[in-house]
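Structure first, then comments.
In this note's numbering, the protein residues as written are 1 to 514.
Listed below in structure tokens is the structure:
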């Protein structure tokens with residue numbers, strides 16, 4: 001986590017768990033379903049290109065470490081360190097030495113341990129009192145995650161001491177960092193090692209001083225531990241999982257653990273509440289933190305819990321499990337499969353999420369404090385009932401809402417005919433219409449689109465009874481060209497794959513009549 005709020009997937013060097021080369025997933029390109037990702041060796045990315053990406057990864061981590069990184073560059077130090085580690089073999093020898101120095105565990109001479117965790121720090125960097133508070137907080141968070149059924153972080157053998165999880169206290173606040181997690185598991189640098197589950201250690205700021213961080217130091221410690229220790233848990237499933245999924249679920253769990261702190265609300269201003277036209281699975285610039293809202297929406301719709309935490313997200317990580325024998329679905333594919341197991345699908349839930357973001361107060365438990373998603377507004381007048389059609393170009397996992405306001409349609413017989421001309425339904429098209437009545441009532445209509453994306457809806461439109469009508473158009477596609485998965489050419493799902501269904505023209509044409 002960074003204060004106050006990675007490295008674009010496009011500059012990730014390679015998935016070095018398998019000889020530091022970029023892997024490819026072969027996914028049936030026309031299918032909406034995946035059997036899970038499969039990382040295999042390939043020579044599709046030339047060595048010089050990998051070197052360029054590795055140097056970019058090193059440059060970014062160096063900037064973060066010396067405090068010269070921009071806020072966008074600082075976003076997700078955990079993923080930045082992960083990406084540099086898997087790119088080490090693609091660096092020149094001198095650069096490898098520089099990277100190794102940055103990635104080395106901090107030097108310490110003090111330690112405080114429990115049965116499962118050791119907090120380590122250098123004399124003068126932290127106080128024993130703060131170390132005890134950090135240790136207690138980590139162990140409380142660990143216990144909660146394990147009670148909820150999550151896998152415990154893997155032991156790291158004798159690295160850092162013994163197999164217990166190490167947490168290092170550093171003055172990371174001087175670089176604007178709350179904390180991070182990392183792994184020096186030998187598997188990462190061992191050609192031919194199998195499984196993508198690795199051990200973890202973490203770093204936390206040494207005091208969360210108010211001179212470096214806004215808010216209450218103890219609350220900052222709590223939500224940082226909840227977030228960062230969740231990364232340690234994620235590493236026990238798949239160290240190479242898509243960054244947006246790792247950060248989105250880690251930001252989500254902060255509020256599940258400490259609901260009164262509400263630190264993750266700051267990320268809503270870079271979420272689809274404010275940018276519905278930006279793909280949900282985009283990683284970069286801090287936007288990925290805001291995707292926690294999608295997981296909050298889903299877990300409020302499917303609230304079943306285990307150990308006090310919603311079980312839906314845990315199931316997603318079980319499906320993303322890249323350990324030997326695990327299903328190894330990639331991010332959005334794991335999300336879709338978890339939803340399918342609950343009798344629904346991603347298209348339905350994503351389009352409803354997009355619609356809900358127009359009225360967060362009505363759809364989220366804490367929605368009164370959330371910003372409202374944007375919409376364009378069109379006045380449809382009795383004197384000009386054929387208002388211009390509205391066209392939007394939508395990328396995958398994005399949406400757009402148009403709000404129609406009646407003017408001088410006073411007779412009760414006035415209606416609004418909405419003709420939708422969207423992309424083929426197999427490409428992820430969905431639409432929802434909502435009628436807002438003066439009485440305060442709201443009617444929601446899930447538009448029955450044809451296979452080619454066409455649909456017609458007729459709704460009341462008299463100013464006597466209707467305030468407005470909203471049409472939310474969504475592109476819920478999760479399809480990627482299979483031969484681009486794990487090419488790291490984009491900052492998107494499936495290891496930077498190229499989406500099949502971007503730039504889709506979606507049109508709604510309104511006509512008022514009586």
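Backbone N, C-alpha and C fix where the C-beta goes; we use that ideal spot for every residue, glycine too. The structure presented is a predicted model; accordingly, all values stated were derived computationally and were not measured.
Could you spell out the range, first to last residue, of the beta strand (DSSP E) harbouring residue i?
i: residue 515; result: Beyond the ends of the chain as shown, which are 1 and 514, falls residue 515; an answer cannot be given.
i: residue 203; result: 201-205
i: residue 421; result: 415-421
i: residue 459; result: 454-460
i: residue 505; result: 504-513
i: residue 446; result: 442-446
DSSP three-state call for residue i: helix, strand or coil?
i: residue 121; result: strand
i: residue 407; result: strand
i: residue 285; result: coil
i: residue 127; result: coil
i: residue 266; result: helix
i: residue 475; result: strand
i: residue 42; result: Note on residue 42: pLDDT 42, under 50, position unreliable in the model; no value is reported.
i: residue 534; result: Given a span of 1 to 514 for the chain in the structure shown, any question on residue 534 remains unanswerable.
i: residue 400; result: strand
i: residue 146; result: helix
i: residue 294; result: helix
i: residue 247; result: helix
i: residue 430; result: strand
i: residue 58; result: helix
i: residue 271; result: coil
i: residue 173; result: helix
i: residue 179; result: strand
i: residue 324; result: coil
i: residue 110; result: strand
i: residue 135; result: helix
i: residue 339; result: helix
i: residue 499; result: strand
i: residue 470; result: strand
i: residue 189; result: helix
i: residue 167; result: strand
i: residue 198; result: coil
i: residue 515; result: Look at the range of the chain in this structure, 1 to 514, and you will see that residue 515 is not part of it.
Starting from residue i and walking both ways along the alpha helix (DSSP H), at which residues does that stretch end?
i: residue 330; result: Per DSSP, residue 330 belongs to no alpha helix (DSSP H) and is neither H nor E.
i: residue 224; result: 217-235
i: residue 350; result: 346-356
i: residue 495; result: 493-496
i: residue 79; result: 77-87
i: residue 313; result: 311-319
i: residue 74; result: 71-74
Round the Cβ separation of residue i and residue j to the nearest angstrom and send it over; I've been treating them as touching at under 8 Å.
i: residue 486; j: residue 498; result: Not quite, the Cβ-Cβ distance comes to about 12 Å (not below 8 Å), so this is no contact.
i: residue 280; j: residue 294; result: 6 Å
i: residue 282; j: residue 148; result: About 28 Å separates the two Cβ atoms, so there is no contact after all.
i: residue 233; j: residue 151; result: 6 Å
i: residue 494; j: residue 350; result: About 17 Å separates the two Cβ atoms, so there is no contact after all.
i: residue 478; j: residue 336; result: 6 Å
i: residue 347; j: residue 428; result: 6 Å
i: residue 338; j: residue 312; result: 6 Å
Is residue i near the ligand FAD, going by C-beta to nearest heavy atom under 8 Å?
i: residue 281; result: Questions concerning the ligand FAD fall outside what the structure shown contains, since it holds no ligand whatsoever.
Does the contact criterion of 3 or more C-beta pairs under 8 Å hold for the segment 375-382 versus the segment 430-441? no
Is it the case that the segment 172-181 contacts the segment 62-82, given that we only count it when at least three CB pairs across the two stretches are under 8 Å? yes
When the Cβ atoms of the segment 109-124 are set against those of the segment 269-278, are three or more pairs found closer than 8 Å? no
Are three or more beta carbon pairs between the segment 185-200 and the segment 213-226 nearer than 8 Å? no
Cβ contact (3+ pairs, closer than 8 Å) linking the segment 455-473 and the segment 392-409: yes
3 or more residues per run - each beta strand (DSSP E) lying fully within the segment 358-394: 376-381 and 390-394
Does the pairing of the segment 78-97 with the segment 136-144 give three or more beta-carbon distances under 8 Å? no
Does the segment 381-391 touch the segment 435-445, meaning 3 or more C-beta pairs lie closer than 8 Å? no
Is the number of C-beta pairs between the segment 200-209 and the segment 158-172 that are closer than 8 Å three or more? yes
Tell me whether the segment 310-322 and the segment 360-379 touch, counting them as touching only if at least three CB pairs, one residue from each stretch, are closer than 8 Å. no
Pairs of beta-carbons, one from the segment 71-83 and one from the segment 48-61, closer than 8 Å: are there three or more? yes
Does the structure place the segment 240-247 close enough to the segment 349-363 that three or more beta carbon pairs sit under 8 Å? no
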